[in-house]
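Student: Below you'll find the structure I mean.
And the structure:
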């Protein structure tokens with residue numbers, strides 16, 4: 001299983017993220033993963049994530065969203081992280097906008113449910129207010145990675 005920090009490149013983080021809608025946010029997050037060279041077809045990957053999102057919202061409440069998808073549009077497992085002060089409307093059950101957003105992508109041909117294992121790792125930590133606060137107050141990608149080291153260990 002891939003460690004989160006092995007598939008979350010600093011170039012796929014945006015700590016001053018703004019997007020008016022979930023779809024716009026997904027497009028921007030796909031572009032962030034594109035910075036790593038993992039995207040072979042951004043439209044196909046974004047469509048896969050949006051289709052998954054239409055099935056049921058990945059807005060978990062408490063300002064968290066973890067959109068994810070499997071697609072031939074991505075060549076290897078990758079994660080993007082965005083932090084939004086204003087938040088992005090994400091359809092969470094508690095009505096909260098998403099301030100902490102992780103996009104998880106894996107190739108369609110990849111065996112197993114790696115993206116779901118990564119999602120579960122993140123979700124277990126993100127339910128803790130102190131963990132969310134550490135991500136919200138991190139000064140840069142290096143500090144985000146230090147906070148996330150806990151997820152991977």
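In the UniProt record's numbering, the protein residues as written are 1 to 153.
Even for Gly, the Cβ is constructed at its ideal location relative to N, Cα and C.
What number of angstroms, rounded off, separates the C-alpha of residue 3 from the C-alpha of residue 98?
Tutor: Looking at the two C-alpha atoms, the distance is approximately 24 angstroms.
Student: Whole angstroms is fine: what's the gap from residue 58's alpha carbon to residue 93's?
Tutor: So the two alpha carbons sit approximately 10 angstroms from each other.
Student: For residue 9, which residues of its own chain have a beta-carbon under 6 angstroms away from its beta-carbon, when the five flanking residues on both sides are left out?
Tutor: Taken in chain order, the residues that qualify are 36.
Student: Please name the residue or residues paired with residue 103 in a DSSP beta bridge.
Tutor: Partner(s): 80.
Student: Could you spell out where the beta strand (DSSP E) holding residue 8 opens and where it closes?
Tutor: No beta strand (DSSP E) contains residue 8, which DSSP labels as neither H nor E.
Student: Could you check which residue in 150, 6, 16 and 149 has the C-alpha nearest to that of residue 82?
Tutor: When only C-alpha atoms are compared, the closest one is 16.
Student: Which of helix, strand or coil does DSSP assign to residue 74?
Tutor: The answer is strand: DSSP assigns residue 74 an E or B state.
Student: Could you please give me the residues that DSSP links to residue 64 through a beta bridge?
Tutor: Its beta-bridge partners are 61 and 100.
Student: Considering only DSSP beta bridges, list what residue 39 is partnered with.
Tutor: According to DSSP, which records beta bridges pairwise, residue 39 is partnered with 74.
Student: Identify whether residue 14 lies in helix, strand or coil by the three-state DSSP scheme.
Tutor: Reduced to three states, the DSSP call for residue 14 is strand.
Student: Check whether the Cβ atoms of residue 158 and residue 74 sit closer than 8 angstroms, and answer yes or no.
Tutor: Here the chain covers residues 1 to 153 and nothing more, so residue 158 does not appear.
Student: Looking only at DSSP bridge pairs, what is residue 88 linked to?
Tutor: For residue 88, which the question treats as bridged, DSSP gives the partners 98.
Student: In whole angstroms, what is the alpha-carbon distance linking residue 139 and residue 149?
Tutor: Spanning the two alpha carbons is a distance of roughly 16 angstroms.
Student: Run through the DSSP bridge pairs and tell me what residue 34 is partnered with.
Tutor: Answer is none; residue 34 lacks a bridge partner.
Student: Please list the segments of the alpha helix (DSSP H) lying wholly inside the segment 107-134, counting only runs of 4 or more residues, in order along the chain.
Tutor: Those alpha helix (DSSP H) runs which fall completely within the segment 107-134 and span 4+ residues are 114-126.
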